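Heads up: the structure comes next, in structure tokens.
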Amino acid sequence: MVSGKFITLEGIEGVGKTTAIDTVTSFCENHLVKKVIKTREPGGTMLAERFRNILLEETDEQMTSRAELLLFFAGRAQHISELIEPALRKGYFVISDRFIDATYAYQGGGRGVDLNVINTLENIVHPNLKPDLTLLLDAPLNVCAKRLNTRKYKDRFEQEQDDFFEKVRNSYLQRANQEPQRIKVVDANQPIKDVQKSIENELLRAFNES
Ligand code: T5A
């Protein structure tokens, strides 16, 4: 029986998820609950981190969309049974940098994989697990690209073109429209301290325990 809470952060690259996860973690620790675990996808366990490397590295052989999709779900299956579910059972707040919404946005929206296929896999891998709260950080593409400008290495996804990320962003926003109770859009096109404040407000609204 699940007793903790599952919080996910989503958004396109460079929008500020990795920066924001520290805000979420420390706010939860200081104001909501002491037991907090921070994790990420792809990854989160040793095996899933190995899948992450395969998913992100650029190689000569082009990975098919279906192989990519299955590898994300393979890592997620491991991540859920090894880390997420045991922690939730023990009452932890589990905070993940990306989860299932990324698959709908990137593989569904970006790559054009049939959403019914993704939904079928979701029902096989985690029929009973959904985030309690998803913070969707949103900002225009050019703002996110500028934030990533200083990075020398670009992974397999970061090498995609603008139209790919535009589709990913639209797909995220569409999901937020469909599930407004769970997915809260945070305006990430503002100074870090204002993004932090918006996130803290969403956490208070969702868990109402300050
Ligand atoms: N993926 C993942 C799928 O395709 N399907 C899936 O199912 C899943 C789970 C993961 C890739 O895998 C794909 C999506 C991704 O392409 P990743 O390395 O985890 O790759 O990449 P990202 O999650 O995109 O992480 P990034 O580090 O690229 O972006 P972040 O975390 O959004 O950005 P962050 O926090 O590192 O910030 C970038 C820079 O901006 C600054 C920060 O200081 C930093 O320098 N910044 C701000 N500057 C000004 N104002 C603000 N408000 C700022 N916020 C941050």
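Under this note's numbering, think of the first position of the sequence shown as 289, with each following residue one higher. We treat Cβ as the ideally placed atom computed from N, Cα and C, and that holds for glycine. Source: prediction; values computed, not measured.
| query | Based on Cα-Cα distance, which residue from E345, C316 and E329 lies nearest to R444? | reply | E345
| task | Please confirm if the stretch 408–418 is in contact with the stretch 471–479, defined as three or more CB-CB distances below 8 Å between the two stretches. | result | no
| field | Beta-ladder partner(s) of I300, from DSSP | value | Partner(s): none; I300 has no beta bridge.
| Curious, which full-length alpha helix (DSSP H) runs of at least 4 residues does the stretch 305–381 contain? | 305–315, 334–344, 353–367 and 373–377
| Residues near Y394 by beta carbon distance below 6 Å, same chain, minus five either side | V456
| message | I need the boundaries of the alpha helix (DSSP H) containing D420, first residue and last residue. | response | No alpha helix (DSSP H) contains D420, which DSSP labels as neither H nor E.
| Where R327 and E337 are concerned, what is the direct C-alpha to C-alpha distance, given to the nearest angstrom? | The amino acid at residue 327 is misidentified as Arg; the sequence shows Thr. Roughly 11 Å separates the two Cα atoms.
| field | Element boundaries [alpha helix (DSSP H), containing V456] | value | D450 to Q466
| Under 9 Å, do F361 and A390 count as touching if we go by C-beta distance? | no
| request: To the nearest angstrom, report how far apart A494 and K378 are at their CA atoms. | output: 20 Å
| task | Out of Y392, D420, G397 and T307, state which residue places its alpha-carbon closest to the alpha-carbon of L409. | result | Y392
| task | Confirm the yes/no value for this check: CB of G331, any heavy atom of the ligand PLP, distance under 8 Å. | result | Looking for the ligand PLP in the displayed structure turns up nothing; the ligands present are the ligand T5A.
| said: Taking 6 Å as the limit between beta carbons, can you name the residues of its chain near S498, skipping five residues before and five after? | reply: Low confidence applies to S498: its pLDDT is 45, below 50, so where it sits in the model is not reliable enough to give any reading.
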